[in-house]
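Written below as structure tokens is the structure these notes are about.
There are 2 protein chains.
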Amino acid sequence: MAKSKTTVKIADQWLRQVLLLLYQRRHLTRIEIAQFTGLNPASVSHALTHLLRRGLLLKTGETQSESRRRREVFDLNPEAGYFIGVDLEGDRIRFALTNFVGDIRCRWEVPLEFRQPLAPETVIEGIRMVSREIAAAGSGRVLAIGVSYPGMLDAQGNLVAVNLGWQGCPIGEALAAAFPGWPVFLESDKDTCILAESWRGAQTYRNALFLIAEGGIGLGILVDGRLVRGMRGLTGEIGHWKVLPDAADLCNCGGRGCLEAIASSPNIVRQYVDAEGKRESPRAVRITDVFERARQGNPAARAVLDRVGRAIGLALSHAICLLNPEIVILGGDMIAAEDILVPVILDEIQRRSLPVSTERLSIRVSSLGLDIRLRGAVLLAFRSILETPESLRTLGVNSLPRHAGTSVVCS
Amino acid sequence: MAKSKTTVKIADQWLRQVLLLLYQRRHLTRIEIAQFTGLNPASVSHALTHLLRRGLLLKTGETQSESRRRREVFDLNPEAGYFIGVDLEGDRIRFALTNFVGDIRCRWEVPLEFRQPLAPETVIEGIRMVSREIAAAGSGRVLAIGVSYPGMLDAQGNLVAVNLGWQGCPIGEALAAAFPGWPVFLESDKDTCILAESWRGAQTYRNALFLIAEGGIGLGILVDGRLVRGMRGLTGEIGHWKVLPDAADLCNCGGRGCLEAIASSPNIVRQYVDAEGKRESPRAVRITDVFERARQGNPAARAVLDRVGRAIGLALSHAICLLNPEIVILGGDMIAAEDILVPVILDEIQRRSLPVSTERLSIRVSSLGLDIRLRGAVLLAFRSILETPESLRTLGVNSLPRHAGTSVVCS
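Going down the list, the sequences are from chains X and P. Every number in the numbering used here is 3 more than the matching position in the first sequence, counting from 1. Every number in the numbering used here is 3 more than the matching position in the second sequence, counting from 1.
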């Protein structure tokens with residue numbers, strides 16, 4: 004009796020480790036799995052047998068070792084289940100249905116009206132859109148929903164995004180009620196971005212920062228391979244760091260000198276329009292117009308972007324000295340101004356940091372494109388169900404027949 | 004064969020969890036141990052039997068449950084082994100020998116000459132001093148050495164403390180060579196402080212910051228119960244945050260506007276002496292003199308400490324918005340100026356942070372006194388051997404007879 008309980012407990016950990024490893028590396032032999040996870044060969048065999056039996060793994064071939072022994076190669080079964088990713092981007096919502104390994108099988112997109120409250124029904128409807136093809140197939144199942152949100156969750160778990168005019172939308176509660184069998188996991192956009200960047204690339208980072216600068220500014224933080232969530236999930240709020248404590252720039256939060264009041268996209272446009280003597284309306288100028296004019300040598304655009312780059316660089320130098328990351332990744336609207344902003348940011352980081360803090364530090368712009376938050380949301384869902392013993396234990400029952408998955412492509 | 008390997012692997016985790024729990028809470032019943040650790044009763048029994056047999060635990064009594072069943076109470080065996088803590092404080096080195104539960108049994112202290120290189124021999128000699136009584140008893144053994152250091156370790160693992168004139172002392176290597184059987188663990192002073200504060204108090208914190216402000220300034224960071232070490236252990240370097248980027252104050256690092264250039268103790272004295280028209284030499288004024296004169300209403304002292312408190316508060320507001328801690332603990336020389344500095348720091352934190360970030364935040368001054376780093380160093384050693392499978396596996400063989408430990412008090 005005691006013995007069997009024990010076995011379940013251990014097996015959970017083994018399963019989790021093997022699934023995470025195969026999600027990242029795919030196609031590995033038994034020996035490679037033992038090496039990467041640090042599990043002993045007996046535990047690996049136990050886990051592989053269990054996962055094969057549940058339909059979560061496939062044998063995808065064989066390879067020959069140096070000693071000419073044949074070794075089986077294992078991979079995740081891509082059709083073992085589905086995930087739904089939701090990206091509450093701000094001016095639109097993106098939805099994706101992915102298979103077990105994160106390949107997008109179906110997309111949906113809904114535009115949002117500027118500064119209108121977020122209606123949970125819109126999100127529920129979108130999830131129904133991307134998932135209805137599976138329901139039609141009859142045999143598949145959604146394992147979890149991952150949601151990437153801007154702003155923050157308040158103490159009641161309601162979504163607040165001041166910059167978007169969202170004042171407490173009960174999105175988590177509404178999705179749980181609408182889809183009772185599907186676990187829902189929510190994470191802020193800076194955190195879904197860093198998950199996507201640190202976990203899907205060729206290299207896995209354990210200590211990383213992801214700066215997202217658009218309508219707002221936030222910093223996703225990965226410490227020792229884990230998302231930093233703090234006491235209440237309110238981490239990475241560097242948009243309200245008073246980087247220039249004596250500056251006059253007024254922030255949405257009511258403070259002055261906040262990074263966001265200087266370096267968010269609307270504030271970049273504002274400073275540019277002001278510097279040009281307010282000849283244009285800020286609503287008529289796009290952030291990319293400011294970038295383009297700076298490229299063409301416009302002095303006002305160049306001066307504003309220099310100030311912006313220096314404010315961002317100063318803030319990043321602080322985060323770097325505090326957390327000693329391996330890599331800093333820049334995302335959001337900055338990607339479109341890599342040529343203009345990044346050199347200033349790098350220069351300011353070097354100037355403001357201790358030399359030892361930047362010695363082996365990489366800094367680069369995100370390369371994951373528009374799907375980054377969507378991919379992060381799905382990764383969040385995958386990782387989260389592995390961390391939930393109940394979800395893990397039921398995983399893999401009734402897995403989809405292979406053809407049902409590959410036929411579901413509706414975008 | 005495979006079975007027995009597995010058993011050892013599991014038992015390690017159980018042992019670790021039970022030992023950590025009993026270190027913090029002491030005197031618990033089997034059921035309480037299961038509740039706090041989340042282990043199932045069979046695993047707890049397995050671990051308790053093993054630890055009792057090795058002499059690491061004692062049965063310390065019985066208690067009666069509501070249903071009048073008698074329940075055994077367990078505690079760590081205080082004499083199961085010794086730890087040595089070393090605090091490289093800067094102007095002196097403190098040494099302590101503690102028993103298994105961290106009670107100090109023997110102390111030693113060596114003064115250091117100002118700004119002279121640190122000689123590993125001095126440290127080795129001090130360790131010999133506190134440990135020789137055990138050697139005389141013949142049956143005891145030191146399980147590990149924990150060292151708390153100021154400054155940082157360079158890429159070669161040598162200790163660098165610019166403010167103290169220590170330029171690369173190979174302390175870890177020297178101790179390992181001098182005491183081959185004793186594992187040596189090193190951690191920076193801000194980290195040993197936060198370990199001591201977060202782990203020995205009545206409450207255990209999972210997300211905490213410890214600000215140490217003396218000759219230098221650093222921030223110890225605990226995220227989700229773990230020390231944040233970053234890529235190379237260079238975390239918490241907020242002493243070099245350019246909190247006032249336009250300030251003229253020159254820092255030891257060569258930069259200007261660094262927090263340390265404003266708020267370290269020597270710089271507080273410097274500013275005060277300057278404000279008083281340099282009528283005294285900075286070497287003749289102690290930091291406590293500045294505090295005392297501010298208490299007596301001296302305008303120069305008050306103005307300097309107001310600036311210092313605001314700089315510290317601004318820096319802390321950044322760390323709070325970034326990491327969303329439950330608690331911020333202030334340590335170092337600030338303890339002696341709680342009445343003057345803390346109100347200004349609190350006011351600035353409130354003024355500069357998002358309201359949600361400070362909503363449930365506690366801020367207080369450290370109450371652990373002069374022994375804080377020494378206690379943290381010993382805690383570091385205890386936790387570290389539990390994390391090292393080899394150390395854990397050999398733990399408890401040849402444990403000391405009870406009387407031998409209690410007789411070793413040489414200070």
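Don't be surprised by glycine CBs; every beta carbon is placed ideally from N, CA and C. Remember, it's a predicted structure, so these values are computed and weren't measured experimentally.
Check, Outcome
"Where A407(X) falls: helix, strand or coil (DSSP)", "With a pLDDT of only 28 at A407(X), under the threshold of 50, the placement of this residue in the model should not be trusted, and no figure is reported."
"Spatial distance of A340(P) from I224(X) (CA atoms)", "34 Å"
"Completely contained alpha helix (DSSP H) runs for the segment 108-154 of chain X, where each covers 4 or more residues", "123-140"
"Interface positions of the segment 218-249 of chain X facing chain P (Cβ-Cβ less than 9 Å), listed along the chain", "L222, I224, V226, D227, R229, V231, R232, G233, M234, R235, G236, L237, T238, G239, E240, I241, G242, H243, W244, K245, V246, L247, P248, D249"
"Entirely enclosed alpha helix (DSSP H) segments - the segment 220-288 of chain P, minimum 4 residues", "262-266, 268-278"
"Cβ shell of A251(X) (< 7 Å), same chain only, five flanking positions each side left out", "R259"
"C-alpha gap between L162(X) and A318(X), whole angstroms", "26 Å"
"W17(P) versus F86(P) - alpha carbon distance", "22 Å"
"Boundaries of the beta strand (DSSP E) in which L373(P) is found, first to last residue", "That residue, L373(P), is in no beta strand (DSSP E); it is neither H nor E in DSSP."
"Listed by chain order, chain P residues near A322(X) by CB distance under 8 Å", "L325"
"Cβ of G312(X) within 9 Å of any chain P Cβ", "no"
"Test: S134(P) CB closer than 9 Å to a CB of chain X", "no"
"Touch test, the segment 316-331 of chain X against the segment 228-244 of chain X, Cβ-Cβ under 8 Å, three pairs minimum", "yes"
"With 16 other Cβ atoms within 10 Å as the buried cut-off, status of R108(X)", "buried"
"Straight-line gap, G149(P) to R386(P) (C-alpha atoms, nearest Å)", "10 Å"
"Host alpha helix (DSSP H) of Q38(P) (start-end)", "33-40"
"Cα-Cα separation, L253(P) to C196(P)", "28 Å"
"Nearest-angstrom beta carbon gap, T32(P) and R74(P) [assumed within contact, 8 Å]", "4 Å"
"Nearest to D266(P) (by Cα), restricted to the options D106(P), A216(P), L326(P), R282(P)", "According to the sequence as given, residue 266(P) is Ala; it is not Asp. It is A216(P) whose Cα lies nearest to the Cα of A266(P)."
"Cutoff 8 Å; reference L22(P); Cβ partners in own chain excluding five residues on either side", "L54, L59, L79, L389"
"Runs of beta strand (DSSP E) wholly within the segment 306-353 of chain P (minimum 3 residues, chain order)", "330-335"
"Neighbourhood of R232(P) by C-beta distance below 7 Å, restricted to the same chain and skipping five residues each side", "T238"
"Spatial distance of R355(P) from R72(P) (CA atoms)", "56 Å"
"Distance between beta carbons of G154(P) and E176(P), contact taken as under 8 Å", "Going by Cβ atoms, the distance from E176(P) to G154(P) rounds to 16 Å, so no, they are not a contact pair."
"Start and end residues, alpha helix (DSSP H) containing E82(P)", "Taken as a continuous stretch (DSSP letters only), E82(P) belongs to no alpha helix (DSSP H), as it is neither H nor E."
"CB contact check: P173(X) to chain P, cutoff 9 Å", "no"
"Interface partners of S267(X) on chain P, CB under 7 Å", "In chain order: nothing, as chain P lies at least about 15 Å away."
"CB-CB length for I343(P) against R298(P), believed under 8 Å", "7 Å"
"Cβ of V21(P) within 9 Å of any chain X Cβ", "no"
"Euclidean distance between Cα positions of G219(P) and S268(P)", "8 Å"
"W185(P) to L382(P) span [Cα, whole Å]", "15 Å"
"Positions along the segment 353-381 of chain X whose CB lies within less than 7 Å of some CB in chain P", "R355, L357, V359, S360, R363"
"For T101(P): DSSP bridge partner residues", "F86(P), I107(P)"
"Top-ranked residue by Cα proximity to E92(P), from A83(P), L115(P), Q27(P)", "L115(P)"
"V165(X), enclosing beta strand (DSSP E) - first and last residue", "No beta strand (DSSP E) contains V165(X), which DSSP labels as neither H nor E."
"Three-way DSSP call (helix, strand, coil) for I96(X) in this model", "strand"
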